[in-house]
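Scroll down for the structure; my scribbles are underneath it.
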Amino acid sequence: MNENELSKIVFDCALKVHQSLGSGLLESAYEECLFYELKKTGLVVEKQKALPLIYEEVKLDIGYRLDIIVENKLILEIKSVDALNDIHFAQLLTYLKLTNCKLGLLINFNVVLIKNGIRRVVNNL
Numbered sequence: 001m002n003e004n005e006l007s008k009i010v011f012d013c014a015l016k017v018h019q020s021l022g023s024g025l026l027e028s029a030y031e032e033c034l035f036y037e038l039k040k041t042g043l044v045v046e047k048q049k050a051l052p053l054i055y056e057e058v059k060l061d062i063g064y065r066l067d068i069i070v071e072n073k074l075i076l077e078i079k080s081v082d083a084l085n086d087i088h089f090a091q092l093l094t095y096l097k098l099t100n101c102k103l104g105l106l107i108n109f110n111v112v113l114i115k116n117g118i119r120r121v122v123n124n125l
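Going letter by letter, the sequence shown gives residues 1 to 125 in my numbering.
See the structure below:
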């Protein structure tokens with residue numbers, strides 16, 4: 001399954017979570033519920049996966065964590081904020097570069113319609 005097919009499944013799961021919970025909760029609540037919904041699909045899904053930073057020959061375990069990664073291809077960065085800003089996009093793009101993944105979804109659950117809270121971020125390797 002490619003990244004675009006995975007992103008469609010993620011969108012459907014995020015929609016289900018958002019319709020059930022609405023907006024205004026903590027990021028961690030949405031992350032747990034989205035993780036649960038994605039696991040039900042049978043996909044390989046990991047949450048809070050450690051992401052070391054490698055600088056030259058040095059591997060630094062400095063606490064970076066991916067919110068959710070699907071099939072080791074698609075990174076999900078979960079937010080519950082008033083508005084997404086440039087630093088959120090930069091964070092996800094950095095994660096994509098560190099993992100050599102092509103696509104990430106920045107998902108802000110603090111919106112009226114979830115389709116307005118999901119942004120694609122592409123790593124042009």
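Heads up, the beta-carbon is just placed ideally off N, CA and C, and yes, glycines get one too. Since the model is a prediction, treat every value here as computed from it, not as a measurement.
Taking contact to mean at least 3 C-beta pairs separated by less than 8 Å, is the stretch 48-56 in contact with the stretch 3-18? no
From 73, 79, 32, residue whose alpha carbon lies closest to that of residue 98: 73
I'd like the span of the beta strand (DSSP E) that includes residue 77, first residue to last. 74-79
Near residue 109, which residues of its chain fall below 8 Å by C-beta distance, leaving aside the five closest residues on each side in sequence? 14, 17, 18, 21, 23, 25, 27, 30, 78, 79, 80, 117
Is it true that the CB of residue 68 sits closer than 8 Å to the CB of residue 96? no
Quick one, which of 37, 94, 83, 39 has its alpha-carbon nearest residue 112's? 83
Mapping DSSP to helix, strand and coil, what is residue 37? helix
Inter-residue Cα distance where the pair is residue 88 and residue 120: 12 Å
Within 10 angstroms of its Cβ, does residue 125 collect 16 or more other Cβ (buried), or is it exposed? exposed
Is residue 7 near residue 92, with beta carbons less than 8 Å apart? no
Roughly how many whole angstroms lie between the Cα atoms of residue 66 and residue 57? 22 Å
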